[in-house]
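J.: Dumping the structure here so I can ask a few things about it.
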Amino acid sequence: MTLRRFLLPIALLCAGTSLSAQTAPADPLAPTGRWTAYAAGSAQLPPMGWNSWNAFFTEIDEEKLMGSARRILDSGLAEKGYRYINIDDGWALKRRTSDDRLILRADKFPSALTGRNKGTPSFRPLTDRLHAMGFKAGIYSDLGRNTCSQAYSDGPTQLPEGTVAEREVGLYGHTDKDIRLFFSDWGFDAIKVDGCGIRAFADDAPRVRSGQFRALVPIIDQHSVTRSNVPAVKALFADINQSLARYNPDGDYMLSLCIWGSANVRSWGKDVGNISRTSDDISADWGRMLTNFDSAARRAFYAHPGSWNDPDMLFIGKGDFDADHLTEARSHFALWAMLNAPLLIGADLRSTPQPLIDIFGNADLIALNQDSAGNQAVMAFDADGFQILVKTLANGDKAVALFNRGLAPIDAVLTADHLKFRADRPVALANLWTGAKSDFTKEMKLRVAPRETVVFRAKGERVLADGLYLSEQPGMVNPAADGVVQPEPDPTIYRSIPNWRGTRGIGERPMYAGWGGAMADFTPYNQPLTIAGKTFTSGVGILANSRLEVRNAGFARFSAQVGVDDSALDGDQPVRFFLYGDGKPLASTPPLRRGQPAQAIAADVKGVKLLELVARADGVKGNAVPVSWGDAALLR
Ligand code: GLA
Numbered sequence: 034m035t036l037r038r039f040l041l042p043i044a045l046l047c048a049g050t051s052l053s054a055q056t057a058p059a060d061p062l063a064p065t066g067r068w069t070a071y072a073a074g075s076a077q078l079p080p081m082g083w084n085s086w087n088a089f090f091t092e093i094d095e096e097k098l099m100g101s102a103r104r105i106l107d108s109g110l111a112e113k114g115y116r117y118i119n120i121d122d123g124w125a126l127k128r129r130t131s132d133d134r135l136i137l138r139a140d141k142f143p144s145a146l147t148g149r150n151k152g153t154p155s156f157r158p159l160t161d162r163l164h165a166m167g168f169k170a171g172i173y174s175d176l177g178r179n180t181c182s183q184a185y186s187d188g189p190t191q192l193p194e195g196t197v198a199e200r201e202v203g204l205y206g207h208t209d210k211d212i213r214l215f216f217s218d219w220g221f222d223a224i225k226v227d228g229c230g231i232r233a234f235a236d237d238a239p240r241v242r243s244g245q246f247r248a249l250v251p252i253i254d255q256h257s258v259t260r261s262n263v264p265a266v267k268a269l270f271a272d273i274n275q276s277l278a279r280y281n282p283d284g285d286y287m288l289s290l291c292i293w294g295s296a297n298v299r300s301w302g303k304d305v306g307n308i309s310r311t312s313d314d315i316s317a318d319w320g321r322m323l324t325n326f327d328s329a330a331r332r333a334f335y336a337h338p339g340s341w342n343d344p345d346m347l348f349i350g351k352g353d354f355d356a357d358h359l360t361e362a363r364s365h366f367a368l369w370a371m372l373n374a375p376l377l378i379g380a381d382l383r384s385t386p387q388p389l390i391d392i393f394g395n396a397d398l399i400a401l402n403q404d405s406a407g408n409q410a411v412m413a414f415d416a417d418g419f420q421i422l423v424k425t426l427a428n429g430d431k432a433v434a435l436f437n438r439g440l441a442p443i444d445a446v447l448t449a450d451h452l453k454f455r456a457d458r459p460v461a462l463a464n465l466w467t468g469a470k471s472d473f474t475k476e477m478k479l480r481v482a483p484r485e486t487v488v489f490r491a492k493g494e495r496v497l498a499d500g501l502y503l504s505e506q507p508g509m510v511n512p513a514a515d516g517v518v519q520p521e522p523d524p525t526i527y528r529s530i531p532n533w534r535g536t537r538g539i540g541e542r543p544m545y546a547g548w549g550g551a552m553a554d555f556t557p558y559n560q561p562l563t564i565a566g567k568t569f570t571s572g573v574g575i576l577a578n579s580r581l582e583v584r585n586a587g588f589a590r591f592s593a594q595v596g597v598d599d600s601a602l603d604g605d606q607p608v609r610f611f612l613y614g615d616g617k618p619l620a621s622t623p624p625l626r627r628g629q630p631a632q633a634i635a636a637d638v639k640g641v642k643l644l645e646l647v648a649r650a651d652g653v654k655g656n657a658v659p660v661s662w663g664d665a666a667l668l669r
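Everything in the sequence shown is counted per the numbering used here, starting at 34 for the first residue and increasing by one.
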């Protein structure tokens, strides 16, 4: 791409309404006294519901949608929290060129022409019906002029029709008008915004060259952050945010970002939307589920009430997750629950067998996902074949998942240390799949079957009796600046064979930027937190030149042991640590270098609502300096 073609979209966007990119504070490490992750919209808990895509792809219609909605109601899943009924790609017929209004496929949604809507079809009768059943309704669009099925689908099935202009059903150039139509006129409560329109329509794309579509200079390149125009992508979302606020005066909406971990969105999606996809599409096979799980699994600090990681919709009901594969289906569900992922069912519920409905309906697992503390699980044990995830719940219990990724059984040992519980006191366990109760002291052996995920709710005596480590409350910690200046692909994400391409092409090379982001209990590169030879089993690992925002839920004191981590490549770089409370300085350290012992930093934080933890280093080039906030905790 030439420089001119790359810069043009930035110029166009800067001329538009988006201000956020320009009003960013000059010094990202300066305390703001404000929580800056997305708090608008309505996603205090991870959204639960149903989406049409995995079951039907573009071939969605009213009968299929209402059939699934009715099953959610009749089976009791609605009572358990499944609320959103979301229409994905395939609903749009065209954009009427006389007034730019979007026309939906009334042949597929016959209620659209009932009531007052004889001439122009409307989704209002459908959303009215869903609302009357107690549901919320979601719709789909794209950041560009065209949607993903227009970019990639081969068949003619339910793609928009008409002239090139009529088939431009995406938001580009129409954001405010379309959002108004979706939310004010049609009564939707949620929108998923895809990104193929800003990625797949370069002027040399075959579909553009053949005259089917207008070119739009790509600003996302899924395989390359450096070829993506991150500010331009963010600016498009800023426009959407403004329109959503305008047409939802009650603030009751949900914005789902769908740019698949590209453009480094794994770091900033939390700032602009309620849920944000961390990877490319899931499919109904085990390998792909692993990829999508991994794309979110070590990113607990990037998920909070109001802004969740989204490893994509559930594929339970098909392929490796159908009723003949209940172990795999249970694992998929348990892992999504532990990650605080949205629980969006992707099955044709009209024909889903009861054992799978029972998985969706496991109230104990749903309770983990919907726990009010909003803490995504943290990886306590991490290896390619086996992982132990631990999630701190609002009442102090821990949820623990033991996940066997492979095809051989594993003789696992769960320790009290994994749970940050005392090893000299009993730990009581309830198995959330079987209901069985047990207890252990210090450690417990158990066999985990191939592809099984054993999940317990655990009660024990906490090692830190009078407080919470920050890594136990990631939902309260926001890496406002994570110090990553050169985004690099995360090498810990499983690289599966995408089922839509098979072994054509070059396979899956590392592509999801985010390596070096803030980590719970480990360094940004997934190593133990170690300062001058002393290892901390709890704490925050982050790069220098970072600022963490920490919500204080009534604690009196903050304390940590800080320093440059022994893993830093540059041993000479000095780093200073600062602590702020509601924007005011509370404590700081002198400059510290690698090899200097950890230094205590502590302050009285009674009445403080927001803490900020800053690690500042002048003149750093690249991502070279991991720093550790060892034992960082809020104490009563
Ligand atoms: C993209 C998204 C999917 C789905 C399709 C629709 O691939 O990632 O979740 O919305 O587009 O075409």
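Backbone N, C-alpha and C define an ideal beta-carbon position, used for all residues, glycine too.
(1) Does DSSP put phenylalanine 611 in a helix, a strand or coil?
(2) Determine the extent of the beta strand (DSSP E) in which arginine 590 is found, giving its start and end residues.
(3) State the CB to CB distance for the pair lysine 683 and leucine 452, rounded to an integer number of angstroms; the pair is presumed to be in contact (CB under 8 angstroms).
(4) Under the three-state reduction of DSSP, which class applies to tyrosine 280: helix, strand or coil?
(5) Are the segment 540-549 and the segment 610-621 touching by the rule of at least three beta carbon pairs closer than 8 angstroms?
(6) Measure the alpha-carbon distance for arginine 279 versus aspartate 285 and round it to whole angstroms.
(7) Go ahead and pull the three-state DSSP assignment for proline 512.
(8) So what's arginine 299 in DSSP terms, helix, strand or just coil?
(9) I'd like to confirm the pairing. Which residues does DSSP put opposite phenylalanine 419 in its beta bridges?
(10) Using alpha carbons as the reference points, say which of Ser661, Gly652, Glu645, Val638 lies closest to leucine 668.
(11) Report buried or exposed for alanine 165, applying the criterion of at least 16 other Cβ atoms within 10 angstroms of its Cβ.
(12) So, are the CB atoms of arginine 580 and proline 193 less than 9 angstroms apart?
(13) Output the residue ranges of the beta strand (DSSP E) runs that lie fully inside the segment 91-166 and measure 3 residues or longer, sorted by chain position.
(14) Cβ of methionine 322 versus every heavy atom of the ligand MN: is any distance shorter than 8 angstroms?
(15) Is arginine 649 buried or exposed, if buried means 16 or more other CB atoms sit within 10 Å of its CB?
(16) Tell me the residue span of the beta strand (DSSP E) that contains aspartate 175.
(17) Can you confirm whether the segment 412-419 touches the segment 106-115 when touching is taken to mean that 3 or more C-beta pairs between the two stretches lie within less than 8 angstroms?
(18) When every heavy atom of the ligand GLA is checked, does at least one fall within less than 8 angstroms of the C-beta of lysine 225?
(19) Out of Arg178, Ala589, Glu95, state which residue places its alpha-carbon closest to the alpha-carbon of serine 155.
(20) With DSSP as the reference, label asparagine 578 as helix, strand or coil.
(21) Could you tell me if the beta carbon of threonine 190 falls within a distance shorter than 8 angstroms of some heavy atom in the ligand GLA?
(22) Thinking C-beta only, is leucine 159 closer than 9 angstroms to phenylalanine 142?
(23) At a cut of 8 angstroms, does the segment 73-92 reach the segment 519-527 through at least three beta carbon pairs?
(24) Evaluate the contact criterion for the segment 399-409 versus the segment 493-500: three or more CB pairs, one atom per stretch, below 8 angstroms.
(25) Please list, in chain order, all residues of the same chain as threonine 208 whose beta carbon is under 7 angstroms from its beta carbon, the five residues on each side excluded.
(26) Any chance the CB of aspartate 94 is under 8 angstroms from a heavy atom of the ligand GLA?
(27) Am I right that leucine 389 and alanine 370 are in contact with their C-beta atoms under 8 angstroms? What's the rounded C-beta distance?
(28) With the cut-off set at 9 angstroms, would you say proline 79 and glutamine 506 are in Cβ contact?
(29) Exposed or buried, which one is leucine 612 when buried takes at least 16 other CB atoms within 10 Å?
(30) What do you reckon, are the CB atoms on glycine 294 and aspartate 313 nearer than 9 angstroms?
(31) Have a look at glycine 177 and leucine 98 and give me their C-alpha separation to the nearest angstrom.
(32) For aspartate 664, does the count of other Cβ atoms within 10 angstroms reach 16, so buried, or fall short, so exposed?
(33) Per DSSP, what are the beta-bridge partners of tyrosine 502 in this structure?
(34) Suppose contacts are defined by Cβ-Cβ distances below 9 angstroms. Is glycine 547 in contact with arginine 299 by that definition?
(35) Alpha carbon to alpha carbon, how far is glycine 66 from histidine 365?
(36) If you draw a straight line from the alpha carbon of alanine 139 to that of aspartate 175, how long is it in whole angstroms?
T.: Let me lay it out:
(1) Phenylalanine 611 carries a strand assignment under DSSP once its states are collapsed to helix, strand and coil.
(2) Bounds of the beta strand (DSSP E) holding arginine 590 are 590-597.
(3) This structure gives no information on residue 683, because the portion of the chain shown stretches from 34 to 669.
(4) Here tyrosine 280 sits in helix by DSSP.
(5) Because the criterion of three Cβ pairs below 8 angstroms is not met, the segment 540-549 and the segment 610-621 do not touch.
(6) Their Cα atoms are separated by approximately 12 angstroms.
(7) DSSP places proline 512 within a strand segment (E or B) once states are collapsed to three.
(8) DSSP places arginine 299 in helix when its eight states are reduced to three.
(9) Phenylalanine 419 pairs with Asn437.
(10) Cα-wise, what sits closest to leucine 668 is Val638.
(11) So alanine 165 ends up on the exposed side.
(12) No, they are not a contact pair.
(13) Listed in chain order, they are 117-119, 125-129, 134-137.
(14) What this structure holds is the ligand GLA, not the ligand MN.
(15) That one is buried.
(16) Segment 169-175, the beta strand (DSSP E) holding aspartate 175.
(17) These segments do not touch.
(18) Under cutoff, so the answer is yes.
(19) Out of Arg178, Ala589, Glu95, Glu95 has the C-alpha closest to the C-alpha of serine 155.
(20) For asparagine 578, the secondary structure class from DSSP, reduced to helix, strand or coil, is coil.
(21) At a threshold of 8 angstroms, threonine 190 does not count as near the ligand GLA, since its beta carbon sits no closer than that to any of the ligand's heavy atoms.
(22) Taking 9 angstroms as the Cβ cut-off, phenylalanine 142 and leucine 159 qualify as a contacting pair.
(23) With a cut-off of 8 angstroms, the segment 519-527 and the segment 73-92 do not count as touching, because too few Cβ pairs lie within range.
(24) Remark: fewer than three beta-carbon pairs, one from each stretch, lie closer than 8 angstroms, so the segment 399-409 and the segment 493-500 are not flagged as touching.
(25) Within the same chain, threonine 208 has close Cβ partners Asp272, Ile273, Ser276.
(26) Not so, every heavy atom of the ligand GLA lies at least 8 angstroms from the Cβ.
(27) Not quite, the Cβ-Cβ distance comes to about 15 angstroms (not below 8 angstroms), so this is no contact.
(28) Taking 9 angstroms as the Cβ cut-off, proline 79 and glutamine 506 do not qualify as a contacting pair.
(29) By the 10 Å Cβ count, leucine 612 comes out buried.
(30) Yes.
(31) The alpha-carbon atoms of glycine 177 and leucine 98 are separated by roughly 26 angstroms.
(32) By the neighbour-count criterion, in which 16 or more other beta carbons inside 10 Å mark a residue as buried, aspartate 664 falls on the buried side.
(33) Answer is Ala666.
(34) Cβ distance < 9 angstroms, so glycine 547 and arginine 299 count as in contact.
(35) A straight line joining the alpha-carbon of glycine 66 with that of histidine 365 spans about 38 angstroms.
(36) Roughly 21 angstroms separates the two Cα atoms.
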